[in-house]
Amino acid sequence: MLVTPHTEELREARNARDGSLGFVPTMGFLHEGHLSLVRRAREECKTVAVSIFANPTQFGANEDFASYPRDLQHDLELLEKEKVDIVWTPTAAEMYPPGFQTWVDVKNLTVPLEGTHRPGHFTGVTTVVAKLFNSVQPQRAYFGHKDAQQALVIKKMVRDLNFPIEVIICPTIREEGGLAMSSRNSYLSDDDHEAAKILWLTLKLVKVAFDDGQRNAQLLREIAMRSLASEPRATVQYVAVTDPETLAEINSSTNHALVSMAVVFGKTRLIDNIIVGAPATVSLADSSFKGDSCY
Ligand code: PAF
């Protein structure tokens with residue numbers, strides 16, 4: 184496994200390989216969610232490349248960039264076991280040299296949900312992912328469904344900017360109690376970790392209501408809000424029932440929706456989501472989306 188922080192060395196290693204290259208971009212502190220993406224890439228591609236880069240530009244001024252968990256040695260051990268070929272660990276100085284002034288912005292899709300609560304976040308994400316794509320030049324790139332809006336935004340960027348890359352969205356991987364795997368789970372106290380199980384319980388409640396025939400988006404939202412309100416340690420930032428492709432809020436009845444939420448436990452902000460209803464023909468539910476095994 185080649186491990187390098189240098190873009191030039193990455194490019195040379197990439198160019199020396201023929202056949203399909205699958206790419207998993209990460210910010211490190213890897214867990215089973217990341218490894219599920221790596222395994223999917225390993226199944227589908229001749230070469231697998233992973234980047235580890237905690238991208239400063241996608242964190243707001245009051246967010247957790249400084250404290251974002253890091254453990255490069257452990258990450259590399261995990262990736263070695265998965266038979267990854269190339270690990271690129273660029274530095275911030277290499278990614279954002281002095282005078283850097285070019286940004287990639289996806290417009291409408293970045294406005295609601297995370298965009299409202301984390302201004303500037305998606306500009307950081309799309310800019311760094313575009314730079315990672317340009318250097319790694321993968322045929323396929325793998326992202327998790329937990330960050331559903333990020334996945335949609337990246338798909339849009341890829342289409343709009345003609346990146347010759349297939350974006351593959353893989354199911355959310357959950358802990359035994361249902362909490363979606365996230366590097367940020369490591370911030371949770373034991374009590375908050377227990378309390379955070381309410382996210383998955385709430386999404387399952389909404390799904391059961393939908394499957395029992397509840398199609399009114401406002402009532403589905405209320406079911407979620409009531410469930411979250413039953414957990415005193417949970418502070419809700421948003422619960423949204425949206426079109427899974429446009430992310431427009433649905434206010435009437437719906438046969439297909441993305442139900443997503445952001446909730447704070449202590450100082451830790453967690454997000455989660457579920458799709459209810461028939462799969463759409465594109466976006467998150469396209470042919471490469473195999474669904475969430477926990478649904
Ligand atoms: O999902 C993440 O870990 C990050 O947003 C990504 C895609 C690696 C970009 O920094």
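Take 184 as the starting number for the sequence shown in the working numbering and just add one per residue. Cβ atoms here follow ideal geometry from the backbone N, Cα and C, with glycine treated the same way. These numbers come from a predicted model, not from an experiment.
| field | Own chain partners of R194 with C-beta closer than 7 Å, once the 5 adjacent residues on each side are dropped | value | Closer than 7 Å at Cβ, skipping near neighbours: S318.
| query | When burial is assigned at 16 or more other CB atoms within 10 Å of the CB, is S366 buried or exposed? | reply | S366 is classed as buried because its beta carbon has at least 16 other beta carbons within 10 Å across all chains shown.
| Taking Cβ positions only, does E246 come closer than 8 Å to chain D? | Protein chains in the displayed structure number just one, and chain D is not present.
| query | Assuming I356 contacts Y325 under a Cβ cut-off of 8 Å, what Cβ separation, rounded to an integer in Å, is found between them? | reply | Actually they are not in contact, since the Cβ atoms of I356 and Y325 sit about 12 Å apart, beyond 8 Å.
| field | Uninterrupted alpha helix (DSSP H) stretches inside the segment 348 to 433 (no shorter than 4 residues) | value | Runs of the alpha helix (DSSP H) lying entirely within the segment 348 to 433 and spanning at least 4 residues, in chain order: 373 to 378, 381 to 394, 400 to 412.
| request: Go through its chain and collect everything with a Cβ distance to G243's Cβ below 8 Å, but skip five positions before and after it. | output: R301, P302, G303, H304
| request: Find the nearest neighbour of V267 within the set L259, Y279, V294, judged by alpha-carbon distance. | output: L259
| request: Determine the burial state of K473: buried for a count of at least 16 other Cβ atoms within 10 Å of its Cβ, exposed for fewer. | output: Reliability fails at K473, whose pLDDT of 37 lies under 50, so the model's placement of it is uncertain and the value that follows must be treated cautiously. With fewer than 16 other Cβ atoms within 10 Å, it is exposed.
| Under the three-state DSSP convention, the category S323 falls into | In the sequence as presented, Ser is not what sits at residue 323; that position holds Arg. In this structure, R323 counts as strand in the three-state DSSP scheme.
| Which residues have their C-beta within less than 6 Å of a heavy atom of the ligand PAF, listed in chain order? | Any heavy atom of the ligand PAF counts here; residues with a Cβ closer than 6 Å to one of them, in chain order, are P208, T209, M210, N238, Q241, V308, V311, V312, D330, Q333.
| When the distance is taken between beta carbons, is T209 closer than 8 Å to E277? | no
| Buried versus exposed call for S250 [16 or more other C-beta atoms within 10 Å across all chains shown] | exposed
| said: Going by DSSP, what residue range makes up the alpha helix (DSSP H) through M278? | reply: 275 to 278
| field | Straight-line Cα distance separating T274 from T437 | value | C-alpha separation (whole angstroms): 45 Å.
| query | In three-state terms, what does DSSP make of N456? | reply | strand
| query | From which residue to which residue does the alpha helix (DSSP H) around A232 run? | reply | Element bounds for A232: not the alpha helix (DSSP H) but the beta strand (DSSP E), 230 to 235.
| request: Compute the Euclidean distance between the alpha carbons of H214 and T451, then round it to the nearest angstrom. | output: 17 Å
| Distance, L386 Cα to Q332 Cα | 17 Å
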